[in-house]
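As structure tokens, the structure follows; a few thoughts come after it.
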Amino acid sequence: MTTPALLPLSGRRLPPLNLGASAFPHHRATLRLSEKFILLLILSAFITLCFGAFFFLPDSSKHKRFDLGLEDVLIPHVDTSRGDKNLGGFLIHGQGHDQHRHREEEERLRNKIRADHEKALEEAKEKLKKSRDEIQAEIQTEKNKVVQELKKKDSKPLPPVPLPNLIGINSGEPADPDIQEKRNKIKEMMKHAWDNYRQYGWGHNELKPIARKGHTTNIFGNSQMGATIVDALDTLYIMGLHDEFREGQEWIDKNLDFSVNSEVSVFEVNIRFIGGLLAAYYLSGQEVFKIKAVQLAGKLLPAFNTPTGIPWAMVNLKSGVGRNWGWASAGSSILAEFGTLHMEFVHLSYLTGDPVYYNKVMHIRKLLQKMDRPNGLYPNYLNPRTGRWGQHHTSVGGLGDSFYEYLLKAWLMSDKMDMEARKMYDDAIEAIEKHLIRKSNGGLTFIGEWKNGHLERKMGHLTCFAGGMFALGADGSRDDKAGHYLQLGAEIAHTCHESYDRTTLKLGPEAFKFDGGVEAVAVRQNEKYYILRPEVIETYWYMWRFTHDPKYRQWGWEATQAIDKYCRVSGGFSGVKDVYSSSPTYDDVQQSFFLAETLKYLYLLFSNDDLLPLDNWVFNTEAHPLPVLHLANTTLSGNPAYR
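Letter by letter, the sequence shown follows residues 1 to 643 of the UniProt record's numbering.
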């Protein structure tokens with residue numbers, strides 16, 4: 001049976017392959033030499049070098065014999081008593097003085113080598129008198145000095161930039177006591193998730209709440225980058241959990257290091273780390289978050305070094321070497337990955353004044369605009385070497401989803417000035433509605449997947465975000481169709497609620513079918529799991545903001561209760577492997593996006609609209625809020641897309 005940890009990565013949220021360090025043990029203990037032995041080797045090499053320098057210097061006696069011979073022959077040509085000097089003899093006599101000075105210099109050098117040699121021997125004797133712990137402490141001290149020097153080098157101050165008008169950071173308290181109680185319950189769930197991560201997984205990317213230890217996946221490479229800390233920061237801040245926020249900030253300041261030999265997902269690191277750091281900076285004003293975001297962005301730029309400028313899926317943070325997933329259509333890049341960089345990279349150019357980030361994402365956009373699209377649809381795969389589409393598979397779920405989301409949000413983030421992005425969004429949505437959106441026999445609106453000319457009548461949990469996207473994009477849509485798209489968003493929200501309501505646990509499966517008599521139900525065993533995903537709740541929140549229909553809060557509370565009942569364990573929160581089973585087994589992973597997205601959207605659902613109002617904030621695909629860049633503030637106003 002395939003578990004979530006073994007699924008290929010796809011789309012907005014990429015179920016990770018568990019290829020962590022445990023799969024490839026290094027057996028470092030069997031290879032490690034003692035520090036004393038290593039130190040002796042180094043000292044021996046140094047002493048040998050000293051003796052070599054001493055014995056292999058040129059033999060000065062030869063110079064002496066040569067010098068004497070010249071002086072005996074040539075000096076007599078100088079008659080000092082008469083005051084006239086033979087020019088040639090004078091010059092060579094002067095050379096004799098130079099040779100004399102040279103001999104003195106050689107003698108001084110030999111004496112220095114002897115002294116250094118004796119000093120090295122004395123230091124070696126002193127070192128060998130020290131204990132193993134003392135030697136280790138000295139080594140650690142030297143390492144710390146090097147790290148601090150590197151930090152000083154990397155932490156160059158960025159140019160001052162006027163902050164956008166930040167509204168609605170510390171508000172949202174509901175007047176209704178019942179709503180307030182539900183909001184406080186969600187805050188308590190966040191604290192339970194954070195406190196257990198703090199106790200059992202601190203510094204690791206994620207938490208195994210049952211095993212009570214750290215967890216990581218191949219999207220984060222083989223290093224401890226504290227993904228949960230970075231992902232959770234803005235949620236902690238808007239919930240008023242400021243002590244926890246400061247804990248996270250301190251860890252980031254002291255421990256978050258990107259100069260590691262680690263291969264990471266460009267997409268995941270962008271949306272979770274750069275998005276999370278930028279949001280934390282805008283909310284708190286703490287410079288450390290901006291500095292770290294810019295440092296990390298610099299490490300991602302080598303991924304764009306391809307023949308087309310379409311970035312690789314993976315990049316090594318140290319070497320800059322990139323590659324694509326082996327399973328992705330003959331080495332193709334994935335639409336939802338290279339198409340989900342725009343928001344963060346525009347903000348990076350805004351904050352640094354460096355257009356390189358903006359230029360990278362605009363190059364991607366220009367390339368896509370030139371390409372033919374089958375039936376107006378964007379295939380999920382594009383080869384970064386040839387610039388040609390891979391297999392013709394189109395999805396608004398995994399592999400495609402957030403590309404469409406970022407077209408809309410690029411327009412919103414530009415204060416609705418980026419009309420190029422809006423046109424691309426409108427064109428794409430029209431093709432999706434024509435070819436992918438259908439109504440089931442039971443009257444449920446769903447979004448299928450286009451595979452080689454055939455519509456697969458299956459919808460993923462990831463696709464459920466689209467209900468919120470349609471509602472968010474309703475205002476400003478073509479042909480005065482705002483009402484139509486708001487209604488379409490409501491229909492998708494209803495379908496996704498049905499996928500939750502038709503399970504035993506009242507939690508939605510990973511994917512569900514619309515074939516024959518089966519509607520909104522998972523058929524395959526490996527599609528019955530729930531890994532704390534946020535997309536359905538995300539759509540509830542957007543629909544609540546635009547309609548204030550109380551059913552969305554009711555549906556959100558149903559999901560809250562189900563998560564708390566079936567996913568909560570003493571060590572945090574875990575996904576479950578079968579939502580149709582009354583006694584499900586756990587997958588033992590507390591995903592970082594549970595704290596970044598699921599709990600944040602629930603908290604916002606039970607908050608007033610003045611907390612992070614949508615006129616002022618745009619959420620990235622990991623639910624990290626970034627401010628709208630009004631034209632007067634932005635350094636990008638010279639670009640045609642913003643005119």
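Glycine included, every Cβ here is placed at the ideal spot set by N, Cα and C. These numbers were taken from a predicted model, which means no experiment stands behind them.
{"Asked": "Give the single residue among Ala623, Val569 and Asp610 whose Cα lies nearest to the Cα of His192.", "Found": "Val569"}
{"Asked": "Taking the alpha-carbon of Phe338 as reference, which of Glu206, Gly320 and Leu368 has the nearest alpha-carbon?", "Found": "Leu368"}
{"Asked": "Might you give, ordered along the chain, the residues of its own chain that have their beta carbon closer than 6 angstroms to the beta carbon of Ala280, omitting 5 neighbours on each side?", "Found": "Leu233, Asp234 and Phe289"}
{"Asked": "Any contact between the segment 218-230 and the segment 238-246? By contact I mean 3 or more CB pairs, one from each, below 8 angstroms.", "Found": "no"}
{"Asked": "Among residues of its own chain, excluding the 5 on either side of His342, which ones have a beta-carbon nearer than 6 angstroms to its beta-carbon?", "Found": "Val361, Tyr406 and Ala410"}
{"Asked": "Excluding the five sequence neighbours on either side, which residues of its own chain have a C-beta within less than 6 angstroms of the C-beta of residue 654, listed in chain order?", "Found": "The structure shown does not extend to residue 654, since the chain is modelled only from 1 through 643, so no value can be given for it."}
{"Asked": "Do you know whose CA, among Gln525, Asp253 and Gly453, lies nearest Asp578's CA?", "Found": "Gln525"}
{"Asked": "On the DSSP letters alone, give me the boundaries of the beta strand (DSSP E) that Ala520 sits inside.", "Found": "Val518 to Val521"}
{"Asked": "I'd like the list of long-range same chain contacts for Asn441, defined as Cβ closer than 7 angstroms, with 5 residues on each side in sequence excluded.", "Found": "none"}
{"Asked": "Rounded to whole angstroms, how far is the Cβ of Thr598 from the Cβ of Leu532, which I believe are closer than 8 angstroms?", "Found": "6 angstroms"}
{"Asked": "Report yes if the C-beta distance between Tyr381 and Gly387 is below 8 angstroms; otherwise report no.", "Found": "no"}
{"Asked": "Report buried or exposed for Asp588, applying the criterion of at least 16 other Cβ atoms within 10 angstroms of its Cβ.", "Found": "buried"}
{"Asked": "Buried or exposed: where does Val230 fall if 16 or more other Cβ atoms within 10 Å of its Cβ makes it buried?", "Found": "buried"}
{"Asked": "Mapping the DSSP letters down to three states, classify Thr228 as helix, strand or coil.", "Found": "helix"}
{"Asked": "What does the alpha-carbon distance come out to for the pair Arg553 and Lys182?", "Found": "10 angstroms"}
{"Asked": "Hey, out of Gly322, Val294 and Ile310, whose CA is closest to Asp354's CA?", "Found": "Val294"}
{"Asked": "With DSSP as the reference, label Gln590 as helix, strand or coil.", "Found": "strand"}
{"Asked": "So, at 8 angstroms on beta carbons, what are the nonlocal neighbours of Gly400 in its own chain, with the 5 sequence-adjacent residues on each side left out?", "Found": "Gly11, Leu335, Ala336, Tyr378, Asn380 and Thr394"}
{"Asked": "Please report the straight-line C-alpha distance between residue 645 and Asp427, rounded to a whole angstrom.", "Found": "Since the first residue shown for the chain is 1 and the last is 643, residue 645 is missing from the structure and cannot be characterised."}
{"Asked": "Is there contact between the segment 589-609 and the segment 533-542, where contact requires at least three CB pairs shorter than 8 angstroms?", "Found": "yes"}
{"Asked": "My assumption, with CB atoms under 8 angstroms, is that His204 sits in contact with Thr217. Please give the rounded CB distance.", "Found": "With 8 angstroms as the limit, His204 and Thr217 do not qualify as a contact, their Cβ atoms being about 11 angstroms apart."}
{"Asked": "Considering Met190, what are the terminal residues of the alpha helix (DSSP H) in which it resides?", "Found": "Pro177 to Tyr200"}
{"Asked": "With 16 other CB atoms within 10 Å as the buried threshold, where does residue 647 fall?", "Found": "Summary: the structure shown does not reach residue 647, with the chain confined to residues 1 through 643, and so no result is reported for it."}
{"Asked": "Can you give me the C-alpha to C-alpha distance between Thr306 and Thr445, rounded to a whole angstrom?", "Found": "40 angstroms"}
{"Asked": "Since Val264 is in the beta strand (DSSP E), which residue starts that stretch and which ends it?", "Found": "Glu263 to Ser265"}
{"Asked": "Per DSSP, what kind of secondary structure is Asp354 in: helix, strand or coil?", "Found": "coil"}
{"Asked": "For residue 645, is the classification buried or exposed, using 16 other Cβ atoms within 10 angstroms of its Cβ as the cut-off for buried?", "Found": "There is simply no residue 645 to check, as the chain begins at 1 and stops at 643 in what is shown."}
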